[in-house]
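Enquirer: Shown below is the structure under consideration.
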Amino acid sequence: MLPIPSNGYSVFFDTDLKELKNLLQSSNYTKIFFLTDTNTSEHCLPVIQKYIPELDTYDIIEVDPGEENKNIDYCIGVWQNLLDFGADRNSLMINLGGGVITDMGGFAASTFKRGIDFIQIPTTLLSQVDASVGGKTGIDLGSVKNIVGTFAQPKAVFISAEFLKTLDKRQLVSGFAEVVKHGFIADKDYLAQLKEISPESITPELVYHSIEIKNHVVTTDPFEKGLRKTLNFGHTIGHAIESYSLQHDKNSLLHGEAIAAGMICEAFLSHKYNTLSENGLNELITIIRPIFPDYSFSKDTYPEILEFMKNDKKNTSGNIGFALLKELGNCDYNNYLTEDKIIESLDFYNELIA
Ligand code: NAD
């Protein structure tokens, strides 16, 4: 599969990591660091080692896994490790992990000594199809997600299906939410293909096409002035539900699970306040519900969920903005809706799953 050119770098489809090996051999970085979490140290470093035996000469910085650790404290730990291991401005950081590692690692690298080079090796489906392109890095502040961060482009991104082999099913399903989102917002034919498969049977070709869709959007609009906002379909409400769940549930929702619920709410809004037909709404629900878990939340939780939406960094002047579908495969943005309409969509979701 041909590399996909993005904003000044390429996304390589690199099953045997030959491209990564070439890049590392031809570069003259003073030091190379890998950032991992304990799971990617266990499952993904051996894959790297298999193809790149020089791994032994690189320093590994390992953090605990999970969204709850995508925060400033862990980031300070990463900066401190870079400092202790003698990183200079000509060092390279390779982020090997899911979106938590690629986001936090990208942020740490783009700010350390005012920015060192970094490479992204996303190892979850979600991070491959979503976090891998677009140059957004960041960390959470308390339960407000991705509120501190930078736009910073990696030197390269390497995608290998081999990493997905050790991913558990729940994580694979979570990533699939972003895959179907790409179909909902931009490509009805792709959606038709996705309807025929389960998350476990996703192929490298489908991953490739998802990245193509996202990459087209982010290269057209790198700083989210327009088209890029369509990627937020399902995310205004989904992020708020995710933040709520992170704060209250012992076994909190994964990103994609929350986005799946958010997409149903926002498809309802697309039907009521944009041009998505009732058939379109029902089709979306029929695609989502068999794959993703329902999440029930009572009316008492609405104020808190709405509060999270108000903190969303995509809002302007206190207005809550939405990307809404015009039809399946076509989305627009800058739809500003009042709280009572958002509440209608939460009610719709709760009645649906009751
Ligand atoms: P994650 O990074 O927490 O990874 C999920 C879990 O899988 C973790 O426990 C991790 O240790 C484990 N894991 C990773 N790769 C593995 C592998 N190959 N085998 C076995 N276990 C593995 O979560 P995620 O879903 O990848 O990413 C979610 C994050 O991505 C969120 O913080 C979200 O905000 C961010 N994100 C960023 C962008 C962006 O544009 N920058 C886009 C979408 C999502």
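Position 33 of the sequence shown, counting from 1, maps to 32 under numbering that gives the first Met the number 0, and the rest follow consecutively.
Beta carbons are placed, not taken as given, at the ideal position from N, Cα and C, and that holds for glycine.
Being a predicted model, the structure only gives us computed values, none of them experimental.
(1) For residue 92, name the three-state secondary structure that DSSP assigns.
(2) Taking C-beta to C-beta, are residue 305 and residue 321 nearer than 7 angstroms?
(3) Within its chain, find whatever has a CB closer than 7 angstroms to the CB of residue 48; leave out the 5 residues flanking it on each side and keep chain order.
(4) Does residue 227 pass the burial test, meaning 16 or more other C-beta atoms within 10 Å, or should it be called exposed?
(5) Under a three-way DSSP split, which group does residue 330 fall into?
(6) Put residue 14 into one of helix, strand or coil per three-state DSSP.
(7) According to DSSP, simplified to helix, strand and coil, what is residue 353?
(8) Please find out if some non-hydrogen atom of the ligand NAD comes closer than 6 angstroms to the beta-carbon of residue 66.
(9) Fully enclosed by the region 37-113, which alpha helix (DSSP H) runs are 4 residues long or longer?
(10) Name, in chain order, the residues that DSSP records as bridge partners for residue 159.
(11) On the DSSP letters alone, give me the boundaries of the alpha helix (DSSP H) that residue 203 sits inside.
(12) Under the criterion of a Cβ to heavy atom distance below 6 angstroms, does residue 126 qualify as lining the ligand NAD?
(13) Taking the alpha-carbon positions, what's the residue 230 to residue 184 distance?
(14) Any idea what DSSP makes of residue 151, helix, strand or coil?
(15) Under 7 angstroms, do residue 259 and residue 287 count as touching if we go by C-beta distance?
(16) With DSSP run on the structure shown, which of helix, strand or coil describes residue 121?
(17) Return the first residue and the last residue of the beta strand (DSSP E) that residue 286 is part of.
(18) Ends of the alpha helix (DSSP H) at residue 236?
(19) On a CA-only basis, which of 155, 73 and 181 is nearest residue 125? Give me that one, please.
(20) Who are the Cβ neighbours of residue 76 in its own chain at under 7 angstroms, not counting the five residues just before and after it?
(21) Is residue 38 buried or exposed, if buried means 16 or more other CB atoms sit within 10 Å of its CB?
(22) For the candidate residues 119, 349, 307 and 330, whose alpha-carbon lies nearest to that of residue 159?
(23) Looking at the structure shown, is residue 2 part of a helix, part of a strand, or coil, going by DSSP?
(24) Mind checking who residue 9 pairs with in its DSSP beta bridge?
(25) According to DSSP, is residue 339 helix, strand or coil?
(26) Quick check on DSSP: helix, strand or coil for residue 115?
(27) Taking the alpha-carbon positions, what's the residue 358 to residue 301 distance?
Expert: Looking at the atomic coordinates:
(1) Residue mapping note: residue 92 aligns to position 93 of the sequence shown, counting from 1. Of the three classes helix, strand and coil, the one that applies to residue 92 here is strand, per DSSP.
(2) Walking along the sequence shown from the start, residue 305 turns up at place 306. Walking along the sequence shown from the start, residue 321 turns up at place 322. No, they are not a contact pair.
(3) Taking the sequence shown and counting its residues from 1, one reaches residue 48 at position 49. Excluding sequence neighbours, residue 48 sits near 54.
(4) Within the sequence shown, numbered from 1, the residue matching residue 227 stands at position 228. Around the beta carbon of residue 227, 16 or more other beta carbons sit within 10 angstroms, so the residue counts as buried.
(5) Locating residue 330 in the sequence shown gives position 331, counting from the first residue. For residue 330, the secondary structure class from DSSP, reduced to helix, strand or coil, is strand.
(6) On the sequence shown, residue 14 is found 15 positions in, with the first residue counted as 1. The answer is coil: DSSP assigns residue 14 none of H, G, I, E or B.
(7) Within the sequence shown, numbered from 1, the residue matching residue 353 stands at position 354. Residue 353 falls in the coil class under three-state DSSP.
(8) By 1-based counting over the sequence shown, the position of residue 66 is 67. Yes, since a heavy atom of the ligand NAD falls inside the 6 angstroms radius drawn around the Cβ of residue 66.
(9) 37-42, 44-50, 71-83 and 98-110
(10) For the purposes of this step, residue 159 is taken as residue 160 along the sequence shown, with counting starting at 1. Its beta-bridge partners do not exist; DSSP assigns none.
(11) Indexing the sequence shown from 1 puts residue 203 at position 204. Counting along the chain, the alpha helix (DSSP H) containing residue 203 begins and ends at 203-219.
(12) Within the sequence shown, residue 126 is the residue found at index 127, counting from 1. For the ligand NAD, at least one heavy atom lies less than 6 angstroms from the Cβ of residue 126.
(13) To locate residue 230, count along the sequence shown from 1; it is residue 231. To locate residue 184, count along the sequence shown from 1; it is residue 185. Whole-angstrom Cα-Cα distance: 7 angstroms.
(14) Within the sequence shown, numbered from 1, the residue matching residue 151 stands at position 152. Three-state DSSP puts residue 151 in coil, outside helix and strand.
(15) Against the sequence shown, residue 259 aligns to sequence position 260. Against the sequence shown, residue 287 aligns to sequence position 288. Cβ distance < 7 angstroms, so residue 259 and residue 287 count as in contact.
(16) One-based indexing of the sequence shown puts residue 121 at position 122. Of the three classes helix, strand and coil, the one that applies to residue 121 here is strand, per DSSP.
(17) As a first step, residue 286 is located in the sequence shown; it is residue number 287 there, counting from the start. It is not in any beta strand (DSSP E) - residue 286 instead sits in the alpha helix (DSSP H) that spans 277-287.
(18) By one-based count along the sequence shown, residue 236 stands at place 237. 234-247 is the span of the alpha helix (DSSP H), which, as asked, contains residue 236.
(19) The residue labelled residue 125 in the question sits at position 126 within the sequence shown. Checked all of 155, 73 and 181; the closest Cα to residue 125 is 181.
(20) For the purposes of this step, residue 76 is taken as the residue at position 77 of the sequence shown. Hits under 7 angstroms: 62.
(21) Sequence index remark: in the sequence shown, residue 38 carries index 39 (1-based). Buried, since its Cβ has 16 or more Cβ neighbours within 10 Å.
(22) In the sequence shown, residue 159 corresponds to position 160, counting from 1. When each option's Cα is compared against that of residue 159, the closest is 119.
(23) Here residue 2 refers to the residue found at position 3 of the sequence shown. Three-state result, residue 2: coil.
(24) Numbered from its first residue, the sequence shown carries residue 9 at position 10. Partner(s): 4 and 155.
(25) Start at 1 with the first residue of the sequence shown, and residue 339 comes out as number 340. Correct three-state label for residue 339: helix.
(26) Taking the first residue of the sequence shown as 1, we reach residue 115 at position 116. If DSSP states are grouped into helix, strand and coil, residue 115 belongs with coil.
(27) This structure cannot speak to residue 358, because the chain is shown only from 0 to 353.
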